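Reading through the structure tokens given below for one structure.
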Amino acid sequence: MTMIFGVPMAVFMGQLTLGLVNGAFYALLSLGLAVIFGLLKIVNFAHGAQYMLGAFAALLGFRYLGINYWLALILVPLVVGGCGMLMERFLLRRIAHLDHLYGLLLTFGLALIFEGTLINLFGVSGARYATPEILLGGLNLGFMFLPTYRAWVLVAALAMCLFTWFMIERTRLGAYLRAGTENSQLMQAFGVNVPLLITLTYGFGVGLAAFAGVLAAPLYPVSPTMGSSLLIVVFAVVVIGGMGSILCAILTGLGMGIIEGFTKVYYPEASNTVIFLVMILVLMLRPAGLFGKEA
Amino acid sequence: MTTTHTTSATQLPSAVQERQRRAKLRRNMFYLVLLAMGLVAPFVAYPVFLMKILCFALFACAFNLLLGYAGLLSFGHAAFLATGGYVTGYLLASYPGLTPELGILAGTLMATLLGVLFGVLSIRRQGIYFAMVTLALAQLMFFVFVQSSFTGGEDGLHGVPRGHLFGVIDLSSNLEMYYFVFAVFVFGFAVIQRTVHSPFGQVLKAIRENEPRAVSLGYNVDAYKLLAFVLSAGLAGLAGSTKTVVFQLASLTDAHWHMSGEVILMTLLGGVGTLLGPLMGAGLVVSLQHLLAQSPLGNWVSVILGIIFVVCVLSFRSGIIGELAKMYRKNIK
Numbered sequence: 077m078t079m080i081f082g083v084p085m086a087v088f089m090g091q092l093t094l095g096l097v098n099g100a101f102y103a104l105l106s107l108g109l110a111v112i113f114g115l116l117k118i119v120n121f122a123h124g125a126q127y128m129l130g131a132f133a134a135l136l137g138f139r140y141l142g143i144n145y146w147l148a149l150i151l152v153p154l155v156v157g158g159c160g161m162l163m164e165r166f167l168l169r170r171i172a173h174l175d176h177l178y179g180l181l182l183t184f185g186l187a188l189i190f191e192g193t194l195i196n197l198f199g200v201s202g203a204r205y206a207t208p209e210i211l212l213g214g215l216n217l218g219f220m221f222l223p224t225y226r227a228w229v230l231v232a233a234l235a236m237c238l239f240t241w242f243m244i245e246r247t248r249l250g251a252y253l254r255a256g257t258e259n260s261q262l263m264q265a266f267g268v269n270v271p272l273l274i275t276l277t278y279g280f281g282v283g284l285a286a287f288a289g290v291l292a293a294p295l296y297p298v299s300p301t302m303g304s305s306l307l308i309v310v311f312a313v314v315v316i317g318g319m320g321s322i323l324c325a326i327l328t329g330l331g332m333g334i335i336e337g338f339t340k341v342y343y344p345e346a347s348n349t350v351i352f353l354v355m356i357l358v359l360m361l362r363p364a365g366l367f368g369k370e371a
Numbered sequence: 003m004t005t006t007h008t009t010s011a012t013q014l015p016s017a018v019q020e021r022q023r024r025a026k027l028r029r030n031m032f033y034l035v036l037l038a039m040g041l042v043a044p045f046v047a048y049p050v051f052l053m054k055i056l057c058f059a060l061f062a063c064a065f066n067l068l069l070g071y072a073g074l075l076s077f078g079h080a081a082f083l084a085t086g087g088y089v090t091g092y093l094l095a096s097y098p099g100l101t102p103e104l105g106i107l108a109g110t111l112m113a114t115l116l117g118v119l120f121g122v123l124s125i126r127r128q129g130i131y132f133a134m135v136t137l138a139l140a141q142l143m144f145f146v147f148v149q150s151s152f153t154g155g156e157d158g159l160h161g162v163p164r165g166h167l168f169g170v171i172d173l174s175s176n177l178e179m180y181y182f183v184f185a186v187f188v189f190g191f192a193v194i195q196r197t198v199h200s201p202f203g204q205v206l207k208a209i210r211e212n213e214p215r216a217v218s219l220g221y222n223v224d225a226y227k228l229l230a231f232v233l234s235a236g237l238a239g240l241a242g243s244t245k246t247v248v249f250q251l252a253s254l255t256d257a258h259w260h261m262s263g264e265v266i267l268m269t270l271l272g273g274v275g276t277l278l279g280p281l282m283g284a285g286l287v288v289s290l291q292h293l294l295a296q297s298p299l300g301n302w303v304s305v306i307l308g309i310i311f312v313v314c315v316l317s318f319r320s321g322i323i324g325e326l327a328k329m330y331r332k333n334i335k
């Protein structure tokens, strides 16, 4: 069998795909955080909880309403994103004029509420969500076995990232969003409905988290705590890459996933902590982040 | 206040001094009353419960030093609480000859050292990034604690002996233990009180209000922030170490990010940037947890804390002490 750096090729490639898949989730979540941060200037601590809500909505929708995976992939982000818009309209907007740390604290409180409620209703053990039949099994690529669902997650997540990039960089609405990020008061003076834009942006960011949640549902056990630990890693990813641009968020997310995957092969004990260690390294060498422009 | 003084500066100094003297007297009286209350408290309430409040109050006061006076929101203070607790617990459990005060000293020292490391890294970023960096560093420590052998991993450390203070006073009695914890709290509170009212504390407030201006005035802002961070970390470690001696255990609960959130809530509820707020907030949150644990709502603690968080941020941002102070000032004038 072919060996790469003392590890069988199949194991190596397997961990690489696993890392890429994790990286795709990091990318999707940090992208959502960056979009929200750009316009609202708050760090959405409820992002992990909203990702978890996405997975739960898919699970419960299937269990009680018979909504299949593909429908859930479209419906759930809309529903959870809609809830996010209500949150923005009735809670976040009331503190928009204050120090942005309050936004972090408010969303933290909301995350506690979501997580705690679901723990009470469903316990912490987690449930399984069946993989759709078409995506069962895998492809034998000769040098490795590629599970179809993981390949699909990678494709779907990247497509979503590209779609977001296109929306923001190439459409009129996206142009408004970018302009609002630069100077929202001026935008308002030009007659753009900035409050509505903010609500839509927050809803979109939350929808991205929920989309990631549906993608994750067949892959990981669906449990109320699935979001919070992931979110802290995503925060580290955001610190590493900065929240400057969409492409940076995607690249950093994928890169960190791959590094994590490699660590699982060569030094499994550190696989939980490697991203935090990279963050420390980046803080020491490039305090503003890899792509950061912040002073 | 200051604007009115400038208009008639010639005759006022004595009046101002008189007022300041009275305010100081009132404050000292108030602290004396609190001190007396603290000394009598164990005869009225259950000492272990009071000790829990005091440990968390010290933790919250330490956190408040950073958020309330330097304007830095750390989301990783659980790491210092846990480091203090684990180090003290490990030392006291493995070396039976060690007296508790030395164990606590060692725990505090380790937390302070960790504070230097965290501080150097995290003050490189500002605002929201600072919160994220501290959170991530604390999560790193959480995994370190889970995987290390000296912490007992998922099980934690149990049966840490309370021992004899200075080798003389037996701490196994709750009353004696209480007075020791009370002394530790008073010491920590005094350190914070002195820090806040010192020239150093004034510079911290200046940095909180307007960092660029503090820089342009020639202050080495990073050094001030770092010192505040280290002080806060050390006192949080002291709280954790003391807590371990009281409850004779150290566990992962202290290292979890929920704990970092709880201390923020205590401070916010009591009043950010007020000296007594964290004490009040810690008392309320600990009492609430205690009450809920016995009620049918026991499983909903985290949801209820979340709701309090949201309510505080939306409509109660000065906290209880802050609101009281506002009312007081309004009625005096």
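Each protein sequence line maps, in turn, to chains A and B. To convert, note that position 214 of the first sequence is 290 in the numbering used here; the numbers rise steadily by one, no gaps. To convert, note that position 312 of the second sequence is 314 in the numbering used here; the numbers rise steadily by one, no gaps. In this text, a Cβ means the ideal position worked out from N, Cα and C, and glycines have one as well. These numbers come from a predicted model, not from an experiment.
- The C-alpha of ALA327 of chain B is placed about 10 Å away from the C-alpha of ASN333 of chain B.
- Contact holds between the segment 250 to 259 of chain B and the segment 76 to 85 of chain B, because three or more Cβ pairs, one in each stretch, are under 8 Å apart.
- In this structure, MET282 of chain B sits near ILE323 of chain B, with a CB-CB distance shorter than 9 Å.
- For TYR127 of chain A, no Cβ of chain B is located within less than 9 Å of the residue's own Cβ.
- C-alpha of GLY169 of chain B to C-alpha of LEU228 of chain B: approximately 36 Å in a straight line.
- Among the bridge pairs identified by DSSP, ASP175 of chain A is matched with none.
- Annotation: Cβ neighbours of THR193 of chain A in chain B (cutoff 7 Å, chain order): VAL305.
- In the structure shown, LEU167 of chain A adopts coil according to DSSP, grouped into three states.
- Note on geometry: alpha-carbon atoms of GLY91 of chain B and ALA62 of chain B lie some 21 Å from one another.
- The alpha-carbon separation between TRP241 of chain A and GLY250 of chain A amounts to approximately 9 Å.
- Under DSSP, no beta-bridge partner is assigned to GLY114 of chain A.
- Given a length threshold of 4 residues, each whole run of the alpha helix (DSSP H) inside the segment 250 to 289 of chain B is given here in chain order: 259 to 272.
- Residue pairing by DSSP places GLY214 of chain A opposite A:PRO223 in a beta bridge.
- Proximity of GLN149 of chain B to chain A, defined by a Cβ-Cβ separation below 9 Å, is satisfied.
- Neighbours of HIS176 of chain A across chain B, judged by C-beta separation under 8 Å: GLY129, ILE130.
- In the assembly as shown, SER175 of chain B is an exposed residue. Its beta-carbon has fewer than 16 other beta-carbons within 10 Å.
- Here VAL298 of chain A carries a strand assignment [DSSP, helix/strand/coil].
- Between ALA103 of chain A and chain B, the shortest Cβ-Cβ separation is not below 9 Å.
- Interface annotation, CYS314 of chain B: in contact with chain A, CB-CB separation under 9 Å.
- For ARG246 of chain A, the number of other beta carbons within 10 angstroms of its own is below 16, and it is reported as exposed.
- Using a Cβ distance threshold of 9 Å, VAL268 of chain A and GLY256 of chain A count as a contacting pair.
- Counting along the chain, ARG215 of chain B sits inside the alpha helix (DSSP H) bounded by residues 213 to 218.
- By the Cβ criterion, the segment 180 to 195 of chain A is in contact with the segment 301 to 308 of chain B, since at least three pairs of Cβ atoms, one from each stretch, lie closer than 8 Å.
- Sorting A:ILE326, A:LEU141, A:LEU284, A:LEU306 by C-alpha distance to the C-alpha of CYS159 of chain A places A:LEU284 at the top.
- Think of a sphere of 8 Å around the beta carbon of GLY263 of chain B: the chain A residues whose beta carbon falls inside it are PHE184, LEU188, in chain order.
- Contacts between VAL315 of chain A and chain B, judged by CB atoms closer than 9 Å, involve ARG127, TYR131, MET134, VAL135, ALA138 in chain order.
- The Cβ neighbour count for TYR330 of chain B, taken over all protein chains shown within 10 Å, is under 16; the residue is labelled exposed.
- Rounded to the nearest angstrom, the gap between the Cα atoms of GLU264 of chain B and LEU109 of chain A is 23 Å.
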